[in-house]
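These notes are about the structure you will find just below.
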Amino acid sequence: MLASITPSAQAADAKQVDAFLKVTGFDVALESIRLSADSAPEMLGINAQEFGSEWSRLVSEVFDTDVMLDMGIGILSKTLSEQALDHASAFYATDLGQRLVMAENGSHMEEDEATKAEAGNAILSGLERIKSPRVALLTRLNDASDVEDSSVRAIQEVQIRFLMAAANAGVIKLQMEEPDLR
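So for the sequence shown, numbering that gives the first Met the number 0 puts the first residue at 0; every next one is plus one.
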């Protein structure tokens, strides 16, 4: 869909990119990342208040959704051609595009990853049983978007930042330095 994400003499306008990112639910995805960071202390089985104000301050600073949105706009304005933006915008303006955004936004706000994975696997198994051609399309889509790898990296980054904040707040004592965690 966004095949021409390359530097272009006719780069997309920042205002158009901003509107596109909001229509596609990018702002909701960013909020989901921030919410995940807010609840990260639960990884250690502790309440975020045990960090004092340090955890909340770090989450607000590191996961500032306005800053992340501005970064996304800046990157895409320089690399996304007007043609690719128009093509993607036309897709997301369709009923299917809007349904996709609604489903994805809902998925971002669903916290139970195990339930989501189980439901997805059940749907895929059902499609495989009836030999649906959608299985091949879904496989191509997953391969093209590399969602697992980027999701794993994003989760690891949140966890590393959380552990560093916990160590800085004196809640835990790390046996290794930050570069070793990466």
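In this text, a Cβ means the ideal position worked out from N, Cα and C, and glycines have one as well.
- Cβ-Cβ distances below 7 Å link residue 30 to 64 in the same chain, with the five nearest sequence neighbours on each side left out; the list follows chain order.
- Annotation: residue 40 to residue 26 spans about 24 Å, alpha carbon to alpha carbon.
- Nearest to residue 92 by alpha-carbon distance, out of 23, 103 and 55, is 23.
- With fewer than 16 other Cβ atoms inside 10 Å of its own Cβ, residue 66 counts as exposed.
- Cβ contact annotation for residue 72 (same chain, cutoff 7 Å, sequence separation greater than five): 13, 16, 17 and 20, in chain order.
- Around the Cβ of residue 80, a 10 Å sphere holds 16 or more other Cβ atoms; the residue is buried.
- In this structure, residue 57 lies near residue 164, with their beta-carbon atoms less than 7 Å apart.
- If the five residues before and after residue 153 are omitted, its C-beta is found closer than 8 Å to the C-beta atoms of 32, all from its own chain and listed in chain order.
- By the C-beta density criterion, residue 162 is buried, having at least 16 other C-beta atoms within 10 angstroms.
- Burial check for residue 113: the Cβ neighbour count within 10 Å stays below 16, so the residue is exposed.
- Bounds of the alpha helix (DSSP H) holding residue 83 are 81 to 91.
- One Cα belongs to residue 83, the other to residue 127, and the distance between them is close to 33 Å.
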